[in-house]
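So for the sequence shown, this note's numbering puts the first residue at 57; every next one is plus one. Glycine included, every Cβ here is placed at the ideal spot set by N, Cα and C. Data block below; observations after.
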Amino acid sequence: MIPTTVHKHFLSDRVAHFTESVIREMTRQAMLHGAVNLSQGFPDFPAPAEIKEAAQRAVAADVNQYAITWGAKRLRDAIALQMRLWQGISVDPEKNVTVCCGSTEAMVATLLAVSNIGDEVVMFEPFYENYGPDSVLSGAKPVYVKLRPPAVSGGEWTFDQKELRAAFGNSTKAIIVNTPNNPTGKVFTKQELGLIRDLCLEFNVLAITDEIYEHILYDGATHTSLASLDGMADRTVTINGLSKTYSVTGWRVGWAVAPEDLTNAIRKVHDFLTVGAPAPLQEAGAEALALPTEYYKELAQRYRVRRDHLIPALESAGFKCFRPRGAYYVMTDIRAFGFANDIDFVRHLVQNIGVAAVPGSSFYRDPRDGAQQVRFAFCKKSETLDEAARRLRKLRSKN
Ligand SMILES: Cc1ncc(COP(=O)(O)O)c(C=O)c1O
């Protein structure tokens, strides 16, 4: 038998403080208790038939060996074309694009390519849970700036300009901006991105943007890439991927678009980390990116219907919902239920009500900040959302 414990001496100090991903843990809990899984952000409906067929064709045509390390040419060409069409950013597919195993790898490869020990990386909190560990793995220190929930229903999550400025200093190497944002649903405005741009220029800081929800927008919100702002093209790494736009989170295809020197560094790290992303799925990705504009309109429209299905169910169960303007999550306030913290509440929800959600504390450095928040994902079929709504009726708020 292999023993379960090893000598501490074998373990890296870097990972000593990492906890297991709470989001992926919630998915396992959902399976254990037969709960409706509104925790992890993966769709439970089929991916578009055209792109599944394209993947099958690529396998049948024997596109089954390593693609070019930094990405199949067809996919890089399609990425460059998309960035020009959607954001007016001119991209050279030979010099600026690195295709990775999901935007997850693109983010960590970028941070490894730019960080030195002692560098600081600014990020907003609540945050997508990978950014902190990614920075630590690269030797950098995360510095957090608060996004505050709207005081009135339908309002926006906002940051304090002074707080953001105070986070920048001589050690700041980069800022991570995720828009549309997980978990808040915030879509950063041009004016907010302008403030970030000004600080990046003043403090000579790189911007790393995570734009994987770029096409999932509601209520007339529009997405702006930070790289499209004056002065930012040569100091931005734009990260995106197939997962969310084409409902293929398991394909693991994402990319980083960056100035040439940075791209060379990212490509080297990527090569040593993973060699390359799945070759046949990159071919299918090129066809996905060529889908007509109608596809993206419908994608956003369908998500709006799902959002407007889940929010009333949550509200009538007693949650206060922060209405998202983008991405496919609802952050909620759970104070009405009178639980000591989000972990106890989520445990009750998964075990006794049969719905899995993510405790808010997993999105904050200090768990107390998220102790009365819980996140629900609505990238689900209407039957799934109906079943969740039916189960949520059993919840009792104290109001
Ligand atoms: C903000 C954000 N970035 C990245 C990812 C992961 O993307 P990928 O599947 O491309 O690795 C997620 C997944 O939930 C996410 O919410």
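The stretch 363-371 and the stretch 382-391 touch, with three or more beta-carbon pairs separated by less than 8 Å. When C-beta atoms of the stretch 203-220 are compared with those of the stretch 154-171, fewer than three pairs fall below 8 Å, so the two segments do not count as touching.
By the criterion of a C-beta distance shorter than 8 Å, T330 is surrounded in its chain by C156, C157 and E161, once the five residues flanking it on both sides are discounted.
The shortest CA-to-CA distance from G297 to any of Q357, T154, A230 and I173 is the one to T154.
Rounded to whole angstroms, I322 and G374 show a C-alpha spacing of 46 Å.
Spanning the alpha carbons of G90 and I399 requires a straight line of approximately 19 Å. For ligand 1, a non-hydrogen atom lies closer than 6 Å to the CB of S299. Residues T305 of the same chain have their beta carbon placed closer than 6 Å to that of S299, with the five preceding and five following residues left out of the count. Proximity of the beta carbon of I268 to ligand 1 is indicated: a heavy atom of the ligand is located closer than 6 Å. In the structure shown, L282 adopts helical secondary structure according to DSSP, grouped into three states.
In the assembly as shown, E185 is a buried residue. Its beta-carbon has 16 or more other beta-carbons within 10 Å. An exposed status is given to P348, since fewer than 16 other beta-carbon atoms sit within 10 Å of its beta-carbon. Under the 8 Å Cβ criterion, the stretch 399-413 counts as touching the stretch 83-97, having at least three qualifying pairs. Judged by their CB atoms, A103 and S227 are not nearer to each other than the 7 Å cut-off. In the DSSP assignment, D327 is bridged to no other residue. Per the Cβ contact rule, the stretch 185-198 is not in contact with the stretch 133-145 (fewer than 3 Cβ pairs under 8 Å). Spatial neighbours of F98 in its own chain (CB-CB distance under 7 Å, excluding positions within 5 residues in sequence) are listed in chain order as T305 and C435. Fewer than three pairs of CB atoms, one per stretch, sit closer than 8 Å, so the stretch 414-427 makes no contact with the stretch 264-278. Inclusion of V147 and A136 in the CB contact set at 7 Å is warranted, their separation being smaller than that value. Ranked by how close their Cα comes to the Cα of R362, the residues L345, E350, P380 and E270 have P380 in first place. If you check the C-beta of Y187 against ligand 1, you find no heavy atom less than 6 Å away. The closest heavy atom of ligand 1 lies 6 Å or more from the beta carbon of G306.
Beta-bridge analysis with DSSP links D389 to K376 and Q429.
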